[in-house]
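Take a look at the structure set out below.
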């Protein structure tokens, strides 16, 4: 910052005049300086280890397919939906798209916060009796993108806690935003992040008395990857912890539509949660919108900083400045999802994935494996005690041509597990089951 | 961070056991602590002044419409496209959307970096002979969103320069990322940002010898709001300045499709630019995709940090971690825009907006105003010497029911100007012209 701009040559800018750089010594000075002052890489980016989990798995899948060009690879890996979207939804999108070619139907920018009708529909359909207002719902292009925007909102000074294991986006965005220290090879953790161990012995709910307070608690339920939904009692404790410690919960309910027992589908089912929790969610797994891109965040008006300033106002500013709204076509699709007809049709697709998950759970259970999740979630969490996740991943891929996800990709607490997803056709799930039984049986 | 989690009550979590908190004194301690440790607001968010410009204008428009419910307000304000999208493009989107309901046509997640075909089409159609590879093109949901992602890439330690006036997103994201100091009420500038004054007397190109070096130079051409494209000679100087000073240019070419003279449409028309420049661009103004949401960023493989590490690899990581790709429906629309038929149809729409801009320029010129831009850009930049931009904005709105944009919203260098946009139907532009002639004439 101490140096003035240095300009190498002005042969082409005589029209401007006034540059103090015609002395012969100028070029010597330039030559000395040039190349010495390139931009330094962001130190936070340097802290990131390995590739981001899911692209890394994609790369390994491609390598495998090149090695075995005739193998029929079955992906139970990245949580990518496979079933067609009910036509009541795609018809709405198609009609809207076509109308963009008419003067009456053309629409340009929508509100950055999203289409008012969609905000209202989400408030009503997803949060019926929980007191969430449309003005507290922000439409987005997906939960992963909202994690990034929330981290921009929080800034580098925040301390965070995450479940261990959990979706890696929380940690990776925390690193990028500068909230963490370096990676510690011994613990496989980033310094400055509190890892809330969730495992069978504690019913996949952390013991908060064991870890320091943090400003933010990322909490995903049903958890990705363990497939476990938090119970009402557990969430009551979570809200209480946040309230007493002045923490903000970021509650990720992207898989809530898979819940079929009495576990809460939203953190706002817990009294008092509006004062301490943001919720992010998505149409991706709910409606097969992984490619269409649509999600939402709820920032209650009751949630405030220590000064009393509402978090909602800052999040609104972040959304208006760093985002320009989700695609209008996707939003129309979202509205159709929440129509009575759309909602019923979606439920059938979810039921089908849930039945897939049951097949996976039954398969591994019959093979004598400890299996968690897979009931209120499209993910089964399978334990291979004493083995390394990547080794299990590689062995299953080599022997059965099935893609899974290594548990260690979700945090050190995932080591020894793999995540097996139910997003595939019934035919592929049954074929995967046969292959797994044949290999492990 | 020094404190352990405090838990108020365990009546509901007896199943967990092991909490060291049953002593009566516990609740006293909680009561003392509770409320004292709420999360502190991000100091960077506190630095932001006023609302973000465009939502602020939207609010003022709404207030005006409530005040004059019968007035026919004409918006020449926010740069929102108004003309229908050619049907060859919307048909492609509609067909794709409908096919999502079929097993053959269903697609889930795409690559975070975008559809390979679209990356290739952009590399070929937009950068034909400039040596840009498809792997250097990242599909996005718009240029504003890419500015945010680029700022995440850069991090808080970078120093930045912006044209003054310019699109406010660069500065606002810089503040949010913590690159700046406080706002200085005297200069109307944020500390830590270099403002490159662009005004009639310097042909709207900054004198780089007058300002300190920065890591990043945001440069928008044709500039929003001045409507001025940089000439080839000016861009040669810009690239040279970046090269010698080791700066990275973020070149925003969102309005390049409006260029009809020999000004470069891309920074990569300048030899050597690939070593120093990122380019961001958009389908918003090019194809009327303001609501559909689609853009792209080019990060050349030659661009590296001082360590030699390629910027492209870090940007790829940012995209994979904070973003999940643009909507697949929008991307199919983008592909159709770049088909021969789509491209020709789009050109007609742009010509129509350009003819609108000429009407605006002619109107203000005939009224004796100094008018800039409006030739290679949809924006005319009108000077009202000695007046405040917001006063001019308010006066025009009150007297003619026309929305413009106050120049000071684009930086202190915009004071005394208003931006008048050509995005409207011919009928509305002609009516606006009549009203303006009547009021100022």
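Chains as they are written, first to last, in full-length UniProt numbering: chain A, 1 to 441; chain B, 1 to 441. Even glycine gets a Cβ: it sits at the ideal position worked out from N, Cα and C. None of the values given here were measured: they were computed from a predicted structure.
Report yes if the C-beta distance between residue i and residue j is below 7 angstroms; otherwise report no.
| i | j | result |
| --- | --- | --- |
| residue 439 of chain B | residue 400 of chain B | yes |
| residue 162 of chain A | residue 296 of chain A | no |
| residue 330 of chain A | residue 298 of chain A | no |
| residue 194 of chain A | residue 214 of chain A | yes |
| residue 94 of chain A | residue 94 of chain B | yes |
| residue 309 of chain A | residue 41 of chain B | yes |
| residue 113 of chain A | residue 319 of chain A | yes |
| residue 49 of chain A | residue 183 of chain A | yes |
| residue 314 of chain A | residue 45 of chain B | yes |
| residue 263 of chain B | residue 38 of chain A | no |
| residue 312 of chain A | residue 327 of chain A | no |
| residue 322 of chain A | residue 148 of chain B | yes |
| residue 332 of chain A | residue 92 of chain A | yes |
| residue 159 of chain B | residue 373 of chain B | no |
| residue 90 of chain A | residue 256 of chain B | no |
So which of the options has the shortest CA-CA distance to residue i?
| i | options | result |
| --- | --- | --- |
| residue 250 of chain A | A/276, A/441, A/109 | A/276 |
| residue 237 of chain A | A/168, A/278, A/208, A/43 | A/208 |
| residue 281 of chain A | A/317, A/88, A/222, A/245 | A/222 |
| residue 424 of chain A | B/85, B/106, B/80 | B/106 |
| residue 192 of chain B | B/287, B/175, B/398 | B/175 |
State buried or exposed for residue i, treating a residue as buried only when at least 16 other CB atoms are found within 10 Å of its CB.
| i | result |
| --- | --- |
| residue 65 of chain A | exposed |
| residue 355 of chain A | exposed |
| residue 179 of chain A | buried |
| residue 83 of chain B | buried |
| residue 103 of chain A | exposed |
| residue 62 of chain A | exposed |
| residue 69 of chain A | exposed |
| residue 189 of chain A | buried |
| residue 404 of chain B | buried |
| residue 2 of chain A | In this prediction, residue 2 of chain A has a pLDDT of 39, which is less than 50 and means its spatial position is unreliable; nothing more can be read from the coordinates. |
| residue 441 of chain A | exposed |
Would you verify that the beta carbon of residue i is, or is not, closer than 7 angstroms to some beta carbon of chain A?
| i | result |
| --- | --- |
| residue 248 of chain B | yes |
| residue 429 of chain B | no |
| residue 45 of chain B | yes |
| residue 349 of chain B | no |
| residue 424 of chain B | no |
| residue 432 of chain B | no |
| residue 123 of chain B | no |
| residue 404 of chain B | no |
| residue 90 of chain B | yes |
| residue 268 of chain B | no |
Strictly below 7 angstroms CB to CB, what residues from chain B border residue i?
| i | result |
| --- | --- |
| residue 156 of chain A | 156, 178 |
| residue 370 of chain A | Correct list: empty, because the minimum Cβ distance to chain B is about 20 angstroms. |
| residue 48 of chain A | 317 |
| residue 362 of chain A | Under the 7 angstroms cutoff, chain B gives no residues; its nearest Cβ is about 25 angstroms from residue 362 of chain A. |
| residue 309 of chain A | 41 |
| residue 227 of chain A | Ordered by position in chain B, no residue passes the 7 angstroms Cβ test against residue 227 of chain A, which lies about 19 angstroms from the chain. |
Using the beta-carbon of each residue, which ones in chain A are nearer than 8 angstroms to residue i?
| i | result |
| --- | --- |
| residue 116 of chain B | Under the 8 angstroms cutoff, chain A gives no residues; its nearest Cβ is about 13 angstroms from residue 116 of chain B. |
| residue 86 of chain B | 101 |
| residue 164 of chain B | Those within 8 angstroms of residue 164 of chain B in chain A number zero; the least Cβ separation is about 15 angstroms. |
Determine the chain B residues that contact residue i at a beta-carbon separation under 8 angstroms, and present them in chain order.
| i | result |
| --- | --- |
| residue 292 of chain A | 100, 327, 328, 329 |
List the residues of chain A that residue i touches, going by C-beta distances under 9 angstroms, in chain order.
| i | result |
| --- | --- |
| residue 173 of chain B | 152, 321, 322 |
| residue 204 of chain B | Within 9 angstroms Cβ-Cβ: nothing; residue 204 of chain B doesn't reach chain A, min ~11 angstroms. |
Relative to the ligand PLP, is the shortest distance from any of its heavy atoms to the C-beta of residue i smaller than 6 angstroms?
| i | result |
| --- | --- |
| residue 166 of chain B | Absent from the structure shown: the ligand PLP. Ligands present: none. |
At 7 angstroms on the CB atoms, spell out the chain A contacts of residue i, in chain order.
| i | result |
| --- | --- |
| residue 107 of chain B | 291 |
| residue 460 of chain B | Since the first residue shown for chain B is 1 and the last is 441, residue 460 of chain B is missing from the structure and cannot be characterised. |
At the 7 angstroms Cβ level, is residue i part of the contact set with chain B, yes or no?
| i | result |
| --- | --- |
| residue 39 of chain A | yes |
| residue 262 of chain A | no |
| residue 314 of chain A | yes |
| residue 110 of chain A | yes |
| residue 80 of chain A | yes |
| residue 145 of chain A | yes |
| residue 435 of chain A | no |
| residue 215 of chain A | yes |
| residue 148 of chain A | yes |
| residue 218 of chain A | no |
Residues of chain B with CB under 9 angstroms from residue i, in chain order?
| i | result |
| --- | --- |
| residue 305 of chain A | 38, 39, 40, 41, 42 |
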